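Have a look at the structure below before the remarks.
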Ligand SMILES: Cc1cc2nc3c(=O)[nH]c(=O)nc-3n(C[C@H](O)[C@H](O)[C@H](O)COP(=O)(O)OP(=O)(O)OC[C@H]3O[C@@H](n4cnc5c(N)ncnc54)[C@H](O)[C@@H]3O)c2cc1C
């Protein structure tokens, strides 16, 4: 069969594939994107980012979580009704998101090919479509096959009440007791959602604190808020066995403790989707953890084959996947538009409350030998937060003692994933905390907290002798 020729053939229509395809097509390239799902958008649109954020929003709205304490009244819907509304809203938003991706592909004249793709030699991509086989050949091929939930050995995922980060979306009832294993972003997000829904939530984290990559003060603050909302947090604990005892779902913990729950979520990370796509045949190298190895331009070990997104490993974010895809397309076609991925990318965790971070944590800055100071302001001193009844959390600035240059921003609190971009802009500009001192902020806003964190930083400098 003579291959159909394209400038770019992308395997995987998630954030990495979509944005790479659109970038190349925008600059006049003829692009095909293959995905085994009926719809484009990847797991981000239908299984992970979009549905979880919609569930979170729906859970907070439908239960009146937090605000019910302010007004002494929440919405009084039964759990079945809440679940039904949440499901309906999630399906609606997933559809809107998938449609938006489809329209983006159409606008860029990108051909969406539905089917299972497998690489052959010389950048041939064989696609098993519902109607037979299509053979495509790209001047360039981009692998953006994403990831799937990692299943730790010995966990009975066949049990209908034992879930991973995707099957949890199929839950048929709101559990009264819920165990979340893993205190990373996904664990924190789902634990918050179920707490809002009224479940008794226990989180088990193997390390000494949740969100281990975050600034220590921020993870501790988040843990305190969780506990304040009634969550049980077990740190330095691992689940050693999971099974049924007299019909009840039981999780055995290191140290001999046992938890009994209606349902459990194992948020144990993700593994790249690399099996069955012909990597060996095409000469694409993977590392010892099965991730596709790329250089700084997202080139793999095989001529003309690039890879981007979750399939190349951390950070495992849609935000990063999109940028990697765009940069890969630019390099592949010599388009001098976007040469590198932002080294100061922010991170948002959509727990309740949210976490936002950018730049260095205080510990990382000290470990790097920098002479640093920090400033912080709690939301309880902020007028907007008081009005909204969202006083949990703080803004923390990490900066150099000598030049007051901003090195990192760490926020826990409502809208932290939005607020973090103010700090990111200052970091990008190489600014100092003086920016926050000199700027006038709208009042009342949560953003104003930056100013008071900067004042606190100045005070600490003068107290500790600058
Ligand atoms: C619960 C959860 C919540 C998350 N929330 C966020 C968030 O809020 N913000 C954020 O930035 N990130 C979030 N993420 C991470 C985000 O979902 C991923 O980083 C992102 O989806 C990666 O995009 P991708 O394009 O690499 O892969 P994917 O979105 O996984 O897409 C890969 C596509 O490739 C297709 N594919 C694979 N193999 C083949 C094949 N052989 N042939 C054809 N098609 C194939 C798949 O069908 C899939 O559609 C979250 C993750 C989880 C688990």
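In this note's numbering, the protein residues as written are 1290 to 1755.
Glycine is no exception: its CB is placed at the ideal position from the N, C-alpha and C atoms.
As the structure is a computational prediction, the values presented were derived from the model and not from experiment.
Between residue 1399 and residue 1300, the C-beta spacing is not below 9 Å. With three or more CB-CB distances shorter than 8 Å, the stretch 1296-1313 counts as touching the stretch 1615-1625. Under DSSP, the beta-bridge partners assigned to residue 1416 are 1406, 1423.
Pairing residue 1602 with residue 1574 gives a Cβ-Cβ distance that is not under 9 Å. Rounded to whole angstroms, residue 1452 and residue 1740 show a C-alpha spacing of 43 Å.
Boundaries of the alpha helix (DSSP H) around residue 1725: 1723-1727. Residue burial is scored here from C-beta neighbours: residue 1516 has fewer than 16 other C-beta atoms within 10 angstroms and is therefore classed as exposed. Take residue 1615, set aside five residues on each side of it, and the residues of its chain with a beta-carbon closer than 7 Å to its own are 1308, 1309, 1312, 1627, in chain order. Sequence-distant Cβ neighbours of residue 1590 in its own chain, meaning closer than 7 Å and more than five residues away, are 1572, 1573, 1574, 1582.
DSSP places residue 1438 within a strand segment (E or B) once states are collapsed to three. Around the beta carbon of residue 1340, 16 or more other beta carbons lie within 10 angstroms, which makes this residue buried. Look at residue 1614: its beta carbon is less than 8 Å from one of the heavy atoms in ligand 1. Considering only 1410, 1338, 1414, 1488, the residue with the shortest C-alpha distance to residue 1382 is 1338. Assigned with DSSP and collapsed to three states, residue 1447 falls in coil, not helix or strand. For residue 1576, the CB contacts under 6 Å within the same chain, skipping 5 residues up- and downstream, are 1582 in chain order. Taken in chain order, the whole alpha helix (DSSP H) runs of length 4 or more contained in the stretch 1602-1686 are 1607-1621, 1651-1656, 1672-1677.
Between ligand 1 and the CB of residue 1566, the shortest heavy atom gap is smaller than 8 Å. With a contact defined as Cβ atoms closer than 8 Å, residue 1722 and residue 1693 qualify at about 5 Å. Judged by DSSP in its simplified three-state form, residue 1392 adopts helix.
For residue 1324, the beta-bridge partners assigned by DSSP are 1403. Contact between the stretch 1489-1500 and the stretch 1520-1527 is present, with at least three C-beta pairs closer than 8 Å.
Boundaries for residue 1559: no alpha helix (DSSP H) harbours it, while the beta strand (DSSP E) harbouring it runs 1559-1561, taken from the DSSP string. Short note on residue 1606: C-beta closer than 8 Å to some heavy atom of ligand 1.
With respect to the 9 Å criterion, residue 1354 and residue 1485 are classified as neighbours on the basis of their beta carbons.
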